[in-house]
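Notes to accompany the following structure.
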Amino acid sequence: MRESRSKNIVIDILPGLLLCVVVMFLGIYGAELIGYIMIWTGLLSEGSSTPVSGIFVAILIGIVIRNVINLSDIFTKGISFSMKYVLRTGIILLGLRLSLMEALKLGAFGVPLIVACISVGLALTLFLTKKMNQSMRLGTLIASGTGICGVTAIMATSPVIKAKENEISYAVANITIFGLTGMMLYPFLGHFLFADDPIKAGLFLGTAIHDTAQVTGAALIYDQLFQNPAVIETAAVTKLTRNLFIIAIIPLVSYIFFNYSRKEAGQDKLEKEELPKWYTFIPLFVIGFLILSVIRTIGDATLESAGNAFGLFTGRTWESIYNNLSSFGTTYLLGAAMAGVGLSANFKKFKGMGLKPFYIGFMAAVAVGVVSVILVSLFGGYVRV
């Protein structure tokens with residue numbers, strides 16, 4: 046009986062999951078094709094990586110399939126599985142990309158600068174959401190994406206606050222549009238403002254642009270236009286440090302969302318014992334992310350101090366282990382999950398949501414950029430990566 050039920054579950058999930066995998070691969074090769082076209086047209090130098098994320102292309106392909114082809118219900122459970130469980134596994138493996146030692150490179154001024162930019166993104170987005178009478182659930186997703194790490198933060202926050210599929214798709218579209226705009230414009234702005242200091246330029250790109258792939262793309266564009274590779278390293282370190290705050294921000298925004306929802310429902314006066322415990326706001330996949338990040342940190346520390354990671358692995362072996370595992374998580378697992386986002390983005394569901402959430406995302410993105418410019422101008426000179 047149990048075996049029969051398990052087989053039924055697999056059969057229900059398989060079609061949609063396979064579709065997500067196919068769309069994910071189309072996204073990866075589509076992004077590479079765009080890179081080749083950019084090299085061929087002279088927009089990129091020979092041998093450069095594509096500045097376009099395969100995840101972004103996968104989302105676009107999924108959106109086209111969802112809204113042009115009438116998908117059968119046979120794919121629904123597999124797409125939902127990809128957006129929930131495949132996503133969480135990918136986020137856990139993402140922890141191996143982020144060593145806590147990277148944050149130490151930015152010193153006493155770099156980390157507070159990142160915290161300030163994250164705080165502005167979160168606070169302004171939530172404030173505007175409330176002022177414009179928009180869905181706090183949607184506003185929370187946009188706030189997470191703007192403040193931390195774009196699409197990944199949105200997808201990590203969505204299961205905790207029980208976001209609806211159309212809200213997730215809307216938030217992803219919001220963040221993607223403004224992130225890509227920043228990726229194309231901010232290299233020029235960064236050079237105009239900080240041409241004499243590549244570290245300041247890298248700090249600006251790493252704090253002002255939403256998604257990790259977009260930050261990388263902007264840094265590559267900067268290097269190719271102005272021949273300054275130091276910007277790439279600084280932007281990467283800044284963004285990876287910023288991504289670490291996903292550990293704290295997801296529980297925080299979940300707590301804020303819960304309290305807001307409780308007040309809206311007129312439940313202000315609940316007894317303390319009726320309130321959820323603080324640890325219920327920390328999802329298990331965030332704990333998994335933190336554990337792997339700590340493992341990566343210890344491995345790097347023991348490699349530096351003793352010559353072998355954990356006393357077992359040479360530098361090359363250790364680098365291969367964490368790179369391969371994290372790349373599998375970020376490229377394939379998160380890619381399949383984001384393909385699911387695109388495949389579930391039915392534009393018909395957006396009709397009642399209007400344009401106000403886009404205005405909120407735009408104002409938050411501009412505010413984060415302005416704060417980044419001000420703080421980098423004032424304190425960027427003290428940061429040395």
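The sequence shown begins at 46 in our numbering and counts up one residue at a time. Heads up, the beta-carbon is just placed ideally off N, CA and C, and yes, glycines get one too. What you are looking at is a predicted structure, and each value in this text was computed from that prediction instead of being measured.
1) Measure from the alpha carbon of L420 to the alpha carbon of each residue in S98, V160 and I84, then state which is nearest.
2) When DSSP labels each residue in this structure, what does A263 get in the three-state scheme?
3) Could you give the distance in angstroms between the alpha-carbon of S306 and the alpha-carbon of P328?
4) Would you decide whether K176 is buried or exposed? Buried here means 16 or more other CB atoms lie within 10 Å of its CB.
5) What would DSSP say about F358, mapped onto helix, strand or coil?
6) For R287, count the other beta carbons within 10 Å of its own beta carbon; 16 or more makes it buried, fewer makes it exposed. Which is it?
7) Can you round the beta-carbon distance between A216 and I199 to whole angstroms, since I take them to be within the 8 Å contact cut?
8) Buried or exposed for L64, going by 16 or more other Cβ atoms inside 10 Å?
9) Taking only three categories from DSSP, how would you classify L151?
10) Could you pull the start and end residues of the alpha helix (DSSP H) that K401 belongs to?
11) Return yes when the Cβ of A351 is within less than 8 Å of the Cβ of M146, no when it is not.
12) So A409 and L169 are supposed to be a Cβ contact under 8 Å. How far apart are they, rounded?
13) The alpha helix (DSSP H) with V428 in it runs from where to where?
14) In chain order, what residues of the same chain have a beta carbon less than 6 Å from the beta carbon of A275, not counting five sequence neighbours either side?
15) Look at the alpha carbon of I5 and the alpha carbon of L378, and state the distance between them as a whole number of angstroms.
16) What do you get for V282, buried or exposed, if any count of 16 or more other CB atoms within 10 angstroms of its CB means buried?
17) Could you have a look at A434 and say whether DSSP puts it in helix, strand or coil?
18) Cβ of D256 within 8 Å of Cβ of V331?
19) In the DSSP assignment, the alpha helix (DSSP H) including M229 goes from what residue to what residue?
20) Would you call the stretch 205-213 in contact with the stretch 289-307, where contact means no fewer than 3 C-beta pairs closer than 8 Å?
21) I'd like the list of long-range same chain contacts for Y427, defined as Cβ closer than 6 Å, with 5 residues on each side in sequence excluded.
22) Straight-line CA distance for V411 to I254?
23) Mapping DSSP to helix, strand and coil, what is L203?
24) Could you give the C-beta distance for S389 and M128, rounded to a whole number, given that I count them as a contact under 8 Å?
25) For F290, name the three-state secondary structure that DSSP assigns.
26) Evaluate S189 with the Cβ neighbour count: other Cβ atoms within 10 Å of its Cβ, from every protein chain shown; 16 or more gives buried, anything less gives exposed.
27) Any contact between the stretch 366-377 and the stretch 121-139? By contact I mean 3 or more CB pairs, one from each, below 8 Å.
With the structure as the only source:
1) If we check each option's Cα against that of L420, V160 comes out closest.
2) Note: A263 maps to helix in three-state DSSP.
3) Spanning the two alpha carbons is a distance of roughly 19 Å.
4) It counts as exposed.
5) Looking at F358 - three-state DSSP - the assignment turns out to be strand.
6) Counting of Cβ neighbours within 10 angstroms places R287 among the buried residues, the total reaching 16 or more.
7) Yes, they are in contact, since the Cβ atoms of A216 and I199 sit about 5 Å apart, within 8 Å.
8) Burial state of L64 is buried, judged by a 10 Å Cβ sphere holding 16 or more other Cβ atoms.
9) Coil at L151, not helix or strand.
10) Per DSSP, the unbroken alpha helix (DSSP H) holding K401 starts and ends at K401 to F424.
11) Against a cut-off of 8 Å, the Cβ pair of A351 and M146 comes out as no contact.
12) So it is a contact: roughly 5 Å between Cβ atoms.
13) Going by DSSP, V428 is part of no alpha helix (DSSP H) at all; its letter is neither H nor E.
14) Closer than 6 Å at Cβ, skipping near neighbours: P243.
15) The structure shown does not extend to residue 5, since the chain spans only 46 to 430, so no value can be given for it.
16) By the neighbour-count rule (16 or more Cβ atoms within 10 Å), V282 is buried.
17) Outside the displayed range of the chain (46 to 430) lies residue 434, so it cannot be described from this structure.
18) No, these two residues do not count as a Cβ contact at 8 Å.
19) Membership of M229 in the alpha helix (DSSP H) is indicated by the continuous run E210 to F239.
20) Put simply, the stretch 205-213 touches the stretch 289-307. At least three CB pairs are less than 8 Å apart.
21) Counting only Cβ-Cβ distances below 6 Å, and skipping sequence neighbours, we find F154.
22) Between the C-alpha atoms of V411 and I254 there is a straight-line separation of about 10 Å.
23) It is worth fixing the name first, because residue 203 is Ser in this sequence and not Leu. When DSSP states are grouped into helix, strand and coil, S203 belongs to the coil group.
24) About 7 Å separates the beta carbons of S389 and M128, which is inside the 8 Å limit, making them a contact pair.
25) In the structure shown, F290 sits in coil (DSSP, three-state: anything other than H, G, I, E or B).
26) Looking at its Cβ environment, which holds 16 or more other Cβ atoms inside 10 Å, S189 is buried.
27) The stretch 366-377 vs the stretch 121-139: in contact.
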